[in-house]
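Sequential numbering of the sequence shown, starting at 1317, is according to our numbering. Note that the Cβ used here is the ideal one computed from N, Cα and C, for glycine as well. Keep in mind the model is a prediction, meaning the values are calculated, not measured. In what follows, a structure is listed as structure tokens, so that the remarks can point back to it.
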Amino acid sequence: TSGTASPSRLTSVQQYGKGVTLDGTGSITGGTALPAVSSTYTTIPNSFNIWTWASTTNWSGFEVIPGDFNGDGLTDIYLHGRYGTTNSDYMGLSTGSGFTQWTWGNSGANWTGYEVIPGDYNGDGKTDILLHGRYGTANGDNLGLSTGTGFTIWTWASASNWSGYEVIPGDYNGDGKADLYLHGREGTGNGDNLGLSTGSGFTIWTWASVTNWSDFEVIPGDYNGDGKSDIYLHGRYTSGYSD
1317 TSGTASPSRL
1327 TSVQQYGKGV
1337 TLDGTGSITG
1347 GTALPAVSST
1357 YTTIPNSFNI
1367 WTWASTTNWS
1377 GFEVIPGDFN
1387 GDGLTDIYLH
1397 GRYGTTNSDY
1407 MGLSTGSGFT
1417 QWTWGNSGAN
1427 WTGYEVIPGD
1437 YNGDGKTDIL
1447 LHGRYGTANG
1457 DNLGLSTGTG
1467 FTIWTWASAS
1477 NWSGYEVIPG
1487 DYNGDGKADL
1497 YLHGREGTGN
1507 GDNLGLSTGS
1517 GFTIWTWASV
1527 TNWSDFEVIP
1537 GDYNGDGKSD
1547 IYLHGRYTSG
1557 YSD
């Protein structure tokens, strides 16, 4: 009968030349061999340490938007009141083991009518927020530059209402600042525009094209590895368009 075998691990592999001879300990006594390749193993936990953020507030009425809003290398959370609610916005700065929560007080505006689009728009290493008017509203766009303890809010003055556009952030010119790609929403007939960040605003130009790209999804990424965000145009479901 055979006993139960214990699990085995391969810890070393070595390739020997033809005609090699070994002694009883495995040492080479004749011929040639390549150096041994060794492997090491580390045991890691097979679960997560879960903890509950104790709070008297129910955050289900908020969108959670991650970012490093104070530039300390830890991911924080921005709590944005969902559309149709009267919820204010909150910030939770990460301590590494929890969050320090504070309310972003702004009596002049209710930001629930805006999409919050995070990005480092001035290239200082802190996540800023772009407040983009939701589709169907008359809301303009506003930019909140992070100071590390709050936001400096200013209105991006423009003759156009950008609520008919999807805003897709990315570093399209590779200068370290997040730019805006303004993509016409499906069915609107709007052309596409690019807003290059100057650090304190955006320089807007229209991407002239014989094609209306509103029937495509825009998927950003650095597809050629040159440090600049590119765009992949993906035909929407049932549109019949190729990519």
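Asked	Found
Can you tell me whether Asp1436 is helix, strand or coil according to DSSP?	coil
Is the beta carbon of Leu1512 less than 8 Å from the beta carbon of Asp1531?	no
Taking Ala1349 as the reference, give the member of Ser1355, Thr1337 and Thr1358 with the closest Cα.	Thr1337
So, using beta-carbon positions, are Tyr1282 and Arg1501 closer together than 8 Å?	In this structure the chain extends from 1317 to 1559, so residue 1282 is not present and cannot be described.
According to DSSP, simplified to helix, strand and coil, what is Thr1428?	helix
Cutting at 7 Å between CB atoms, please list the residues of its own chain near Gly1464, excluding the five before and the five after it.	Asn1386, Gly1387 and Lys1442
Output needed for Gly1439: all residues of its chain with C-beta closer than 6 Å, excluding positions within five of it in sequence on either side, in chain order.	Gly1492 and Lys1493
Once you ignore the five residues that flank Asp1546 on each side, which residues in its own chain have a CB closer than 6 Å to its CB?	Tyr1539
I need the DSSP call for Ser1328, collapsed to helix, strand or coil.	strand
First and last residue of the beta strand (DSSP E) that includes Ser1462?	Asn1458 to Ser1462
So, with DSSP's three-state summary, where would you put Ser1479?	helix
What separation, rounded to the nearest whole angstrom, lies between the Cα atoms of Asp1405 and Gly1414?	18 Å
Should Trp1478 be labelled buried (16 or more other beta-carbon atoms within 10 Å of its own) or exposed?	buried
Taking buried to mean at least 16 other C-beta atoms within 10 Å of its own C-beta, is Leu1459 buried or exposed?	buried
Just reading off the beta strand (DSSP E) that Asn1506 is part of, what are its end residues?	Unbroken run through Asn1506: none, as it is neither H nor E.
Compare the Cα-Cα distances from Glu1379 to each of Trp1427, Gly1333, Gly1515 and Gly1340 and report the closest residue.	Trp1427
Can you check which of these residues, Val1432, His1499 and Gly1400, is closest to Glu1533 by C-alpha distance?	His1499
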